[in-house]
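I have placed the structure first, in the form of structure tokens, so that the comments after it can refer back to it.
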Amino acid sequence: MKNSIDIIVPYWGEFSLLKQTVDSVLAQTSKAWHLTILDDHYPDKTAYNHYKKLNDKRITYIRHRKNIGITANFNYAIQHASAPYCMIVGCDDKLLPSYVDTALKNIGESDFYQPRVQIIDDKSNVYLPLADKVKRILQPKKSGILSGEKLAASLCCGNWLYFPSITWKTDTLKQYSFDTKYKILEDVIVELTMIIDGASLYFDTTETFQYRRFAESLSSKEKGKNGIRFKEENEVYDNFSDRFNEIGWKKAARAAKLRVTSRIHSFLSRF
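With the working numbering, letter number 39 in the sequence shown gets 39, and the count goes up by one each step, no holes.
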């Protein structure tokens with residue numbers, strides 16, 4: 001199909017949540033999509049058995065022979081994409097019915113498309129945790145195209161993108177890969193590198209995606225993960241500050257060096 005999206009879901013987790021993700025794709029008002037599930041050799045084969053029996057030409061199920069890890073599975077997703085556009089969706093997130101229609105209508109000549117998202121908990125109830133309230137404040141107030149230093153500086157002040165909800169121009173995304181050195185910020189590195197290279201983003205204030213954030217991600221269980229996050233942020237944003245300075249993006253360089261919201265988050269997570 002000339003104007004279509006490859007929806008790719010790297011899978012490792014509960015079948016019940018994956019099924020909600022798949023069902024949300026099947027419920028799209030547009031037919032301009034193909035779904036691929038990349039099973040990273042999850043021990044429970046319930047999902048594999050279920051989708052292999054469906055015999056639905058709109059769905060491709062690939063089960064890796066061994067576990068390759070989430071970042072490598074993201075890179076596999078990039079290699080697998082062949083439609084003009086693609087997205088790499090979390091295996092517990094949900095697309096609202098108009099997602100594909102709206103993304104294809106608005107992405108235009110931009111390299112990637114970010115809608116406004118709803119946050120859902122483990123029961124699929126919509127809520128808005130503090131971290132996402134901050135993201136909402138930082139996001140643009142109007143739909144439109146963003147690029148260059150202004151976009152880079154804004155994202156370094158506080159990254160308001162939601163990677164699983166993004167539609168990418170496939171030819172653009174295929175120029176990059178996710179760095180397996182990083183566990184959390186691999187998507188940020190790709191996004192900021194693309195922007196340095198001239199990529200543009202269409203931000204849409206229309207809510208067409210539901211991003212699942214479990215309540216436990218706000219608890220003390222996340223403190224260990226936060227330690228990894230803040231270590232990666234220090235390294236990644238310091239590196240980008242240097243890169244921005246090299247190309248004369250002084251405002252973006254300062255934003256990356258200061259990373260105000262990251263430091264506030266780091267401070268609050270200690271309590």
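C-beta atoms are modelled at their ideal positions from N, C-alpha and C, and glycine is treated no differently.
Around the beta-carbon of proline 10, 16 or more other beta-carbon atoms lie within 10 Å, marking it buried. In the DSSP assignment, arginine 63 falls within the unbroken beta strand (DSSP E) covering 59 to 63. Residue ranges of uninterrupted beta strand (DSSP E) with 3 or more members, entirely inside the stretch 37 to 104 and ordered along the chain, are 59 to 63, 85 to 88. The C-alpha of arginine 213 lies about 29 Å from the C-alpha of lysine 52. Positions of the beta strand (DSSP E) runs, each at least 3 residues long and wholly inside the stretch 192 to 217, are given as 200 to 212 in order along the chain. For the set Ser241, Gly198, Ser165, Cys86, the Cα lying nearest the Cα of glycine 148 is the one of Gly198.
Sixteen is the threshold: when 16 or more other Cβ atoms of the shown chains lie within 10 Å of the Cβ of valine 100, as they do, the residue is buried. Between tyrosine 202 and isoleucine 145, the beta carbon gap of about 5 Å places them in contact (Cβ cut-off 8 Å).
Each residue's CA atom was taken as its position, placing valine 236 and glutamate 186 some 9 Å apart. Proximity to isoleucine 88 across Phe209, Lys251, Lys142 peaks at Phe209, based on C-alpha coordinates. Out of Pro43, Phe112, Tyr182, Trp168, the CA that lies nearest to the CA of alanine 72 is found in Tyr182. The Cβ atoms of isoleucine 195 and leucine 151 lie closer than 7 Å to each other. For glycine 144, no alpha helix (DSSP H) segment is defined; the enclosing uninterrupted segment is the beta strand (DSSP E) at 144 to 147.
In this chain, the beta strand (DSSP E) harbouring arginine 116 covers 112 to 120. Between the alpha carbons of alanine 32 and leucine 128 lies a gap of roughly 31 Å. Approximately 4 Å separates the beta-carbon atoms of threonine 60 and threonine 36; this is inside 8 Å, confirming the contact. In the assembly as shown, leucine 54 is an exposed residue. Its beta-carbon has fewer than 16 other beta-carbons within 10 Å.
Ranking Thr170, Leu173, Thr172, Val134 by CA distance to the CA of serine 154 puts Val134 first. Contact between isoleucine 184 and arginine 243 does not hold, since their C-beta atoms are separated by about 20 Å, which reaches or exceeds 8 Å.
For isoleucine 137, the uninterrupted alpha helix (DSSP H) run begins and ends at 130 to 138, by DSSP. DSSP places lysine 257 within a helical segment (H, G or I) once states are collapsed to three.
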